[in-house]
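Working notes for the structure below.
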Amino acid sequence: MSQFIIRRLLLSIPTLLIVSFLIFSMIRLNPESVVAARLGEGYTPEQQQQVMEEYGLNEPLVTEYIAWLGRVLRGDWGESAYTSEPVLEEMGPKILVTFELALIAVTVAVLIGVPIGVFSAMRQDRWPDYVLRSFAIFGLSVPGFLIATIVLAVLAKQFGWIPPIRYQTFRESPLENLAQMWMPALIVSLATAAQVMRFSRTMMLDVLRQDYIRTAWSKGLRERAIISQHALKNAMLPVITVLGLTMAALIGGTVAFESIFGLPGLGRHLILAANQKDFAVVQGVALFFAICVIVINLLVDVSYTVLDPRART
Amino acid sequence: MSQYWDSYWKKSINRRRVLAGGSTAAVGIASMALAGCGDDDDDDNGTGNNTDALTPTAATPSTEQPVKGGTLRALTNVGSIFDPHRTNTPAESVSLWGAVGNMLLRFDHKNNGAPTGDLAAALPEIPADGLTLTFKLRPEAKWQQKAPVNGRAVTAEDIKASFDRIRDPATVSPRAGGFGAVESITAIDPTTVQFKLKTPQADLLSVIADQYNFVIPKEIAARGKDAITTVADVIGSGPYELTEFVAAQKFSMKRRADGYWRPNTSWLDGYEYLHQTDPQQAMNAIRAGQADAVGTTADLAKTIENDKNFVITRAATTTRECLLINHNIERFKDPKVRLALQRAINRRQVYDTVFGGLGWVGGPMTPASPSWVLPDSELEKLPGFGKREDEIKEAKALLSAAGLANGFEETVITVTAFDTEKIHDVVVSNLKDIGVTVKTENVGTDFAANFLPREVNRQYNLATTLFLSGGYPDAQLTLYHHSDTKVRGTRNYGDYSNKDLDAKLEKQSTVYDNNTRLPLVHEIQRDLINAPGPVWFGSRGGLTIWSSKVQNAASFPFVSSYYSAENVWIKA
């Protein structure tokens, strides 16, 4: 097992290098935009030079990249050009917001998606199956940000109520925090729940056609026992992969919800930094997203091998 | 649609309450406000402008006795830099420093936004040569009770240190250029400060009163470029103290404990600004009682026009939309062709179509500068402001006289930002009316990265664009039309060159007496309409929704919205 993990970790290094170099070089394609973003219009050549120096834009790209990479490996991810705060320190609280949102969303998606998927499979091609599949298609086809916008507008207009807009951390006030988080998490989870539901249903149908399930039926076991003790574990293995990928996508994909619900998460942080051409922050957040995707994929693979030893080879 | 809003204000708000300008900057629209006191006799004219709405005043004036208490909660675009000399965003200048700090001069909303004393006791003494400005300070002005100043008096040394910091190239202040004419600043004694100029600069008083030029303690200024990076560094002489600032998230202020040196003007317990830039979400928040002031759009504002829980204010802004012409292109060297373009644009249509009627038609100076702009009665007699059919006829005749009777095809660049792409759609349609076929080149969504460099480097023939600058003549006329593009006309991205106009621009720039200066400024505007550099359209407006509990909320032009911290209270 440890060899498997080490091998996967080593494989992720070139991926990270390529991703980090792309991030580093792409945001330097137009140095003038940095100056314009920082100074507005009408700046002097001297001011332009000063800003270029401040942002390290006068050095060759590769030199700058190697220097930056060295600092990153030593734990120095740079400072925001706007707030002068260390990038990692600034990201800390925002990571928690985004992770909390993604984690609640995935949990809700599992709690909704798996039972419905299993139930739908057990009632294949009967009306409950059709109804639930229709809901799943709705969840997949209507963008979450649109649902969020409509729901909030209706709640505000008809009931004069929306979730609190003043963000408080879980440590400051658990109740206030959850009062703000539950609705965006629920809406974010709709598409994921639909995906999990459809995947669970397909996997369950596949498993239910296996010989050992037929044997269980022939032995006279009750439906609940067959599903819970024999079918579910095998059907859920691929679902874990979907959940892992979804979690990774959610961490980088909640920016619209963070904006709509006023959540100070990592996505919103990235957008602001990109608008301000705050190189260090953009690089830091993008690199963090890349690391998240790689780590989550690794965790998925590891969990897979724990549950199914055949996957270790 | 402009009539919709005009009739709305006349219908729903009595003369005293007509406003027009929400302190939009206070709620984060990077736009500005021009308030207006209604006059029922002043109806729309040929330009479609409601000039009533262009006289600054308070938006929600109240005759009730102010009461202490309450926190005003507003939604805004919270940025990252709260150093007033370095930031480019109004939330941090107008909303934050407007409550925390004071300026040497500020714009007087009771006098069409003309500069008046803030920390200065009055306007400066200026000798006949116009080269020395001597300011006497208010001795009662005190810094907040924070180290290292601990409530000491504001002195001339503080003024000198603040403006020297802005001027210092090491600070990299976007406002440094405004002080190019200043040779030195001297603290004569604790309450007297003197600006020595290389050349007379009449607009220097407006530059000093600009929304970003707040006075900070000399001890803070001495720290250099990174002097203001923490909440503890934010020390002002204003009525409120900064208590929290979280970049891109929120900031809060509380009333200063030692009492503001202008008694009976700070009533609120404090302010709380949260980051939210989506107008729909902002509307949801104010409907749900979670905010007291939010920026909005014309369409959204209509949905609450009859709700007595809210007051809507509107404001002209100093943003100016225009068709930028590259004068290096042979075709546009012919003044007849440029005048044809000037006549082709249906300005009213731009503001009705794109901004739901919320905009003011104008020429080279923004309608948001009531002291300087040509009156509508005169504007409507000039090319481009008459009846549409007449303008099209005249434009076609001009093209014909220029040897372009069949029109021409031209590439026009634009950008998907700040509604520019929508304005461009109207421009395309308008130009088609005179036989000009537009080939659109949209450079994308990043104004700073993709569009501005094209303008600066003259890589365009025509461009649908917008500009934002102060509401005074040098910032609106000289900056965009003087042929010296290195120093005076640094935003003359079309290389417009007219030596006679240069002379007029330079002359008006040195005249301190506004009564003498005004005819010169009007003449320049007429010249620029008859022989356009860029084709100017006017200025968009901004809308703010206030909870009706908020009393006496300020509503001024963008550059003077910082008044909003004083004399505002919340009804119990």
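Read top to bottom, the protein sequences are chains S and X. Under my numbering, residues 1 to 313 are what the first sequence spells out, in order. Under my numbering, residues 314 to 885 are what the second sequence spells out, in order. Glycine is no exception: its CB is placed at the ideal position from the N, C-alpha and C atoms.
Exposure label - residue i; buried when at least 16 CB within 10 Å
i: X:Ser497; result: exposed
i: X:Ala813; result: For the record, residue 813 of chain X in the displayed sequence is Asp; it is not Ala. Answer is exposed; the Cβ neighbour count stays below 16.
i: X:Ser742; result: exposed
i: S:Pro14; result: exposed
i: X:Trp859; result: buried
i: X:Asp502; result: exposed
i: X:Asp353; result: With a pLDDT of only 33 at X:Asp353, under the threshold of 50, the placement of this residue in the model should not be trusted, and no figure is reported.
i: X:Lys563; result: buried
i: X:Asp355; result: Bear in mind that the predicted position of X:Asp355 carries a pLDDT of just 36, short of 50, making it too unreliable to give a figure here.
i: S:Ile150; result: exposed
i: X:Asn526; result: buried
i: X:Thr376; result: exposed
i: X:Thr337; result: Because X:Thr337 sits at a pLDDT of 33, beneath the cut-off of 50, its placement in the model cannot be relied upon, and the point is left open.
i: S:Asp308; result: exposed
i: X:Val751; result: buried
i: X:Lys906; result: Past the boundaries of the shown model lies residue 906 of chain X; chain X is included only from 314 to 885, so the question cannot be answered.
i: X:Thr803; result: buried
i: S:Ser20; result: buried
i: X:Ser344; result: Note that X:Ser344 scores 32 on pLDDT, short of 50, meaning its location in the model is unreliable; the coordinates nonetheless yield the value given after this. Under this definition X:Ser344 is a buried residue.
i: X:Ile599; result: buried
i: S:Thr215; result: exposed
i: S:Tyr65; result: buried
i: S:Val131; result: exposed
i: X:Pro688; result: exposed
Where residue i meets chain X, residues with beta-carbon distance less than 8 Å
i: S:Val51; result: Val485
i: S:Gly82; result: Checking the sequence shown, residue 82 of chain S turns out to be Tyr, not Gly. Correct list: Gly392, Ser393, Ile394 and Ala560.
i: S:Thr254; result: Ordered by position in chain X, no residue passes the 8 Å Cβ test against S:Thr254, which lies about 15 Å from the chain.
i: S:Ala156; result: Met596, Asn597, Ala598, Arg600 and Ala601
For residue i: DSSP bridge partner residues
i: X:Cys635; result: X:Thr778 and X:Trp849
i: X:Gly855; result: X:Ala628
i: X:Arg386; result: X:Glu585
i: X:Lys752; result: X:Thr724
i: X:Tyr553; result: X:Arg568
i: X:Ile883; result: X:Val863
i: X:Arg419; result: X:Thr429
Sequence-distant residues of its chain with Cβ nearer than 6 Å to residue i (five each side left out)
i: X:Lys709; result: Ile747
i: X:Ile837; result: Leu790 and Lys817
i: X:Ile326; result: The pLDDT assigned to X:Ile326 is 39, lower than 50, so where the model puts this residue is not dependable; a value taken from the coordinates is nonetheless given after this. Here the set comprises nothing.
i: S:Leu232; result: none
i: S:Ile260; result: Ala148
i: X:Phe760; result: Val728 and Ala730
Residues that residue i contacts on chain X, provided the C-beta gap is smaller than 7 Å
i: S:Ala153; result: Gln593 and Asn597
i: S:Thr149; result: Gln593
Whole-Å CB distance - residue i paired with residue j, under 8 Å assumed
i: S:Thr314; j: S:Leu101; result: The displayed coordinates of chain S run from 1 to 313. Any statement about residue 314 of chain S would go beyond what the structure contains.
i: X:Tyr785; j: X:Gly846; result: That belief does not hold up - the Cβ atoms of X:Tyr785 and X:Gly846 are roughly 18 Å apart, past 8 Å.
i: S:Leu190; j: S:Ile147; result: 7 Å
i: X:Arg536; j: X:Glu554; result: Actually they are not in contact, since the Cβ atoms of X:Arg536 and X:Glu554 sit about 19 Å apart, beyond 8 Å.
i: S:Val196; j: S:Leu243; result: 7 Å
i: X:Asn880; j: X:Thr578; result: 5 Å
i: X:Thr679; j: X:Ser852; result: 5 Å
Same chain only: Cβ atoms within 8 Å of residue i, ignoring 5 sequence neighbours per side
i: X:Ala489; result: Ile479, Arg480, Asp481 and Pro482
i: S:Ile294; result: Ser12, Thr15 and Leu16
Beta-carbon neighbours of residue i, restricted to chain S and to distances below 9 Å
i: X:Pro482; result: Thr44, Glu46, Gln47 and Gln50
i: X:Asp620; result: Per Cβ cutoff of 9 Å: no residues; X:Asp620 is ~10 Å from chain S at best.
i: X:Pro766; result: Asn30, Glu32, Ser33 and Ala36
i: X:Asp546; result: Under the 9 Å cutoff, chain S gives no residues; its nearest Cβ is about 11 Å from X:Asp546.
Partner residues on chain X for residue i, Cβ-Cβ distance less than 9 Å
i: S:Ile162; result: Gln594, Asn597, Ala598, Arg600, Ala601 and Gln603
Cutoff 7 Å; reference residue i; Cβ partners in own chain excluding five residues on either side
i: X:Ser393; result: Ala560 and Ala561
i: X:Ala718; result: Leu712
i: S:Ser80; result: Val87, Glu90, Asp278, Ala280 and Val281
i: X:Glu768; result: Leu637, Ala776, Thr778 and Tyr806
i: X:Ile342; result: Note on X:Ile342: pLDDT 33, under 50, position unreliable in the model; the coordinate value appears next. The residues are Gly608 and Gly855.
i: X:Ser406; result: Pro397, Thr400, Gln524 and Tyr525
i: X:Asp732; result: Val667
Beta-carbon neighbours of residue i, restricted to chain B and to distances below 7 Å
i: S:Gln276; result: The chain inventory of the structure shown lacks chain B, comprising the protein chains S and X.
Partners in chain S for residue i, counting only beta-carbon separations shorter than 7 Å
i: X:Gln514; result: Within chain S, no residue comes near X:Gln514; the closest Cβ sits about 16 Å away, beyond 7 Å.
Heavy atom of the ligand FMN within 7 Å of residue i beta-carbon
i: S:Glu89; result: Among the components of this structure there are no ligands whatsoever, and the ligand FMN is therefore not found.
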